[in-house]
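Scroll down for the structure; my scribbles are underneath it.
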Amino acid sequence: MTPVAPRAAPGVRLVTTFRSRGARNSLRPAAASAVPPRNPATSPPQQPGPPSASNDPAATSRPRRPPAWIVGVDFGTYASGFGYSKAASPDSSSSSNSGGEAQPDVGTAPPPAPVKLHHSWPDQPLQDFKTRTVCLYRGNKLEAWGWPAWKRWTTMTDQERREGNYCYVEEFKLLLQGGGGGGGGPAAVLPPGVTEVQVVADFLSELRGYIYRHLARASAAAASSASAAGSDPDRRPLDPTSIAWCLTVPAMWDEAAKAKMRQAANRAGMARASDPGSLTMVLEPEAAAAAAVVHQQRISRKASTAAPAAEAAAEAKVAGTDTGDGAADAAKAAELREVAAAAAVGPGGDGSSGGAAAAAAAAAATASATAPAATLVDGDVLLVLDCGGGTADITMHRVVGSGTAVRLQEAAAGKGVLAGGRFVDDALWRYLRDSVVGAQVWDQWRAVQPGEWVQTATEWEAAKSQPRGPVTLQLRPNLMDLIVRQQQQQQQQLNDANDGNGQRPSASFHASSTAAGGGGGGSAAASGASAALRADGSVVVSEEILEREIYGPVVDQIVAAAADVLDQGRRGGNACTKMLLAGGMANSPYVQQRVRQLAQECRVPLLMPRQPQALVVSGAVLFGQYPALVTARRSRLTYGISCRSLWTSDDAASAAAFGYPPKLWKDEDREYVADGVFEVYVRRNELVGLDQVVRRTFCPTSRTTTAVGIDLYATDAEEGRYTAEPGMRRVAAVVMELPAGWTASVPRRQDYDIEVELRFGGTEITLFARDPRTNNAVATSVQWTPEAVTTTTTTHGSAAATAGGTQLGR
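Quick note on UniProt numbering: the sequence shown kicks off at 1 and runs consecutively.
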C-alpha cells in the first residue's frame, strides 16, 4: 500500500502531541541573560514567519493583502533568472494557511495564470533565460552585477583593475553551504569586509530592483492596453509590497545554509519584517517536478482545443516560446519529451550560456516527439535529477490527482551532491594545469591575468554546448608568453647540461612546450595524454579525456545518488515509473547518456523539458500560485530534542560500552538522571505532511530554573538515543524565560508543562517553545548552528555542557 501523509483541512494545522511517559523529561536550565534580542533582519528561516515575542503567530497574525504579482527567482551558482505571473484574485475557493493570508486551494482553484520567463538581459552575448551570477566590486562597493559586470571585467586593462581596486566575484552561492567550493579550484575570494551573506544580498538586491522595474513597465503597458480597450485601468504605481517572492534553494542544503539565504534575501528587501510570508523558499527539484506536472497538463488541455493563431505565432518567436515582451511562455518551455538513444551523441554543455534557442535545439535533437510516455499522470512515481551549476539534487515524487487538483508527495528522502557544472569546469582546469600547461605557469597566469582567465572560462562554457567529440580551446596570449618563456628556460638548461656538444634536442615549440606540461618531460602523446598543445596556442581535448576525466567523476556522483534514492523508493513500495532530467547540466550529452543508461536499467522512460535550464524557475512561480502543491515530504534527517531523563539500565549499559550518556545526581529529587538523551520527533525518510506539527511536553529541570534552553539535534541515522552518538549535530537552539514565581502555580516542578514543537511548514523547519499556562513564548530565539557536536568518551560531562548546550527534562 502506498503510504499517505496525514492531511488536515485547508487552513488547519495537523498536530501530533506526545505526552511524556512516567517521570517527566526535563529541560536544562538557562540563564535569563542568555536570551538574545530578536532581530527581524537576521531571524532564522521559518515559514510562514518567526514566532512573535509574545504569542503563537498562527493565532494572532492578521491576514495580509493578496499579492498582485508572483515572482520566482532561480538563484544559481553560474547564472540566475526569474519568472512571473499575475496573482489570482481571491475568491470563494481560497483558504487561509497558517500565516493567515488567503491562498488558493489546489483542488478547487482555476488553472494557474500563465507563467512568463524573462530572457532579455543587458549585455548578454546570447539570448538566454539567465544572467551571470557575478558581482564586480570597487573596494567593498558594488559597481555592477550580472552580464554587465562580466563585460566590464573582461574589457578592463590590468592597470584599471589594479588602480581601481576592483574585485570580480563569482560562484559565491557555494559559500553559503559549508564545504562548497570548486568550480575552478579555490573558493570565491570576497572583497575586504564583504561576507558571503552580504555578496548574495548585494546581488539579490540588484536583481530585485531589475525585476521591479520590469514588472512596473508591464503593469503600465497593461493599463495602457486596458485604457485603449475602453475599460477603466488602475494607473497607480506598482507597490513593491504587492510582489510575492519565491526563491529557490538546493534540496541538499542544511537549515544553516537556508538561514543564510533568507538573511541575504531579507537584506535585499525580498522579505519584510512585517510580513515574513512575502518570501517563500522553494526546493529546486520540487520546483522542477511541479513545473513538469502542472505545465504538461496545461499543454494537454490546450492540445484538446484549437489554440488561437495569435498565441501559436507568439510562441514561435524565440525557441518556440517567446511571448513578444522579452519573456517566454513557461508552459511551452516545460514541454516534456522522451530522451531518445540519439542523446548519446547529441549536443552538450550545461545550458548555462548557450542561449534559449540553442538549448531548445539541443533538447529537440536528443528527444523524441511528445508521446504518452512523456505525460505525467496520477499514480506516476517520478525521479527528478536537477543538475545545476553547483549542486545536483535527486528527489522522488508520487503524482496524486490530475488537472488543477494535482498534488505531489515525496516518495523517498532525496539526496544531493556537490556535483554541478562548476565541478566539471574544475576537472578541466585541473587537467589543463597538470597535464598540458604545467602547474607553475598556470598558477602564475591565473594570479596575474584574471581577465584572460574569465575569457578562457567563457570560451569553455560555449564549447560545452557542442556535440560529443574533441573540444578545441585557445590559450590566451599572456599564458602563451609564459609557456614560451618557460620553454626557453628549459631549452637553455638543456643546452647547459649538454655542455655545447651539438647534439641538442629539437627546439620546436610543440616538443618543448609539452615537456613543460605536467611538470615533467615527454610529449602528451608519449605520456598517454589525449590533448596536444599546438604551435598556435590551441589545445585539443579528446572525447576520451572529456568522458573519463572531465565529466566522468562528476556524473558518477550524480548517478550514484540517483541509484540510492531509487533503492530507497523501492524498499518503501514506491518503484520509479519515470525519470526527469532538468537543470542547466541536463543539456550535456555525457550526463544524458549516463542517466539514460540508468533509466534503461530501471525500464522507465527518461524525460526532458524543452528548456531544461528554465524548469526550476517556472516551478518556483507555480509554488507561489499553489503553496499546497506538495502535500508531504520525507524528512532528510532524524530530528530530536536533547533532554534529561531518569537513569535506566539501558543508560548504564550504553555508558559502560561507549562512555555516554553522562550520569548526573539531582540532589533536589534525590535521583540520578541521564544527560543528553535524544527525544525523537521525526525519523529520517518519515513522511511528514505540509504544516504538520509534532509536539512533545517537557518540564523544567529544577525549581530554581528561571529560563529553559532547548537544543534541536539531527542525525543521518534513522534511529538515535543520545546526542553524544557519532554523527549527531546540534542544528538549532531556543531559550525561553519562565515567569517569575512559576513554582507557586504547581505542587511539583514535573507538573509545569513546557511544549516544544517542530513545525514542518513550507520547505523549512521551525523550532517553537511555548508555556501553555501563560500562552506565552517570551523572548524565543532560534540559533542555527551548523557545526557538528563534539563528542568524547572520556569527559562527557564537560563535553555535554560545552557542546551540547541545551538540555531538557521529562
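Beta carbons are placed, not taken as given, at the ideal position from N, Cα and C, and that holds for glycine.
All values derive from a computational prediction rather than experimental measurement.
Checking the DSSP bridge columns, you'll see residue 85 partnered with 70.
With distances taken between CA atoms, residue 271 lies nearest to 242 out of 754, 296, 242 and 584.
A distance below 6 Å between beta-carbons, with the five flanking residues on each side excluded, links residue 218 to no residue of its chain. Under the three-state reduction of DSSP output, residue 376 falls in the coil class, being neither helix nor strand.
With three or more CB-CB distances shorter than 8 Å, the region 634-649 counts as touching the region 718-731. For residue 281, the closest alpha carbon among the candidates 275, 430, 258 and 290 is that of 258.
Closest in alpha carbon position to residue 553, among 430, 376 and 574, is 430. Rounded to the nearest angstrom, the gap between the Cα atoms of residue 388 and residue 422 is 9 Å.
Around the beta-carbon of residue 192, fewer than 16 other beta-carbon atoms lie within 10 Å, marking it exposed. A direct Cα-Cα distance of roughly 36 Å separates residue 440 from residue 561. Distance from the CA atom of residue 570 to the CA atom of residue 604, rounded to whole angstroms, is 14 Å. At the C-beta level, residue 684 and residue 718 come within 9 Å of one another. C-alpha of residue 379 to C-alpha of residue 150: approximately 46 Å in a straight line. A straight line joining the alpha-carbon of residue 699 with that of residue 645 spans about 11 Å. Residue 590 carries a helical assignment under DSSP once its states are collapsed to helix, strand and coil. Taking the Cβ atoms as the reference, residue 565 lies roughly 6 Å from residue 414, within the contact range of under 8 Å. Every alpha helix (DSSP H) of 4 residues or more that sits fully in the region 537-595 is shown, in chain order, as 552-571.
Inter-segment contact for the region 120-130 and the region 626-633 is absent: fewer than three beta-carbon pairs are separated by less than 8 Å. With a contact defined as Cβ atoms closer than 8 Å, residue 416 and residue 434 miss out at about 28 Å.
The residue among 438, 447 and 468 with its C-alpha nearest the C-alpha of residue 486 is 438. Beta-carbon to beta-carbon, residue 384 and residue 477 are separated by about 44 Å, too far to satisfy the 8 Å threshold.
For the 9 Å CB-CB criterion, residue 277 and residue 617 do not form a contact. The C-alpha of residue 750 is placed about 22 Å away from the C-alpha of residue 661. Counted as a single uninterrupted DSSP element, the alpha helix (DSSP H) harbouring residue 454 occupies residues 450-463.
In the structure shown, the three-state DSSP call for residue 199 is helix. As a beta-bridge residue in DSSP terms, residue 275 pairs with 272. In this structure, DSSP gives residue 336 an extended state, which the three-state scheme calls strand. Taking 9 Å as the cut-off, the Cβ atoms of residue 591 and residue 551 count as close.
When secondary structure is reduced to three states using DSSP, residue 260 falls in the helix class.
In terms of CA proximity to residue 400, 294 leads the group 211, 134, 466 and 294. If you look at residue 145, you'll find it isn't in any alpha helix (DSSP H); it sits in the beta strand (DSSP E) that goes 141-145. Nearest C-alpha to residue 175 among 254, 163, 587 and 215: 254. Contact between residue 758 and residue 708 does not hold, since their C-beta atoms are separated by about 17 Å, which reaches or exceeds 8 Å. Check the Cα spacing between residue 410 and each of 287, 78 and 458: the tightest is with 287. DSSP, read as helix, strand or coil, puts residue 623 in helix.
If you draw a 10 Å sphere on the C-beta of residue 704, you find fewer than 16 other C-beta atoms in it, and that means exposed.
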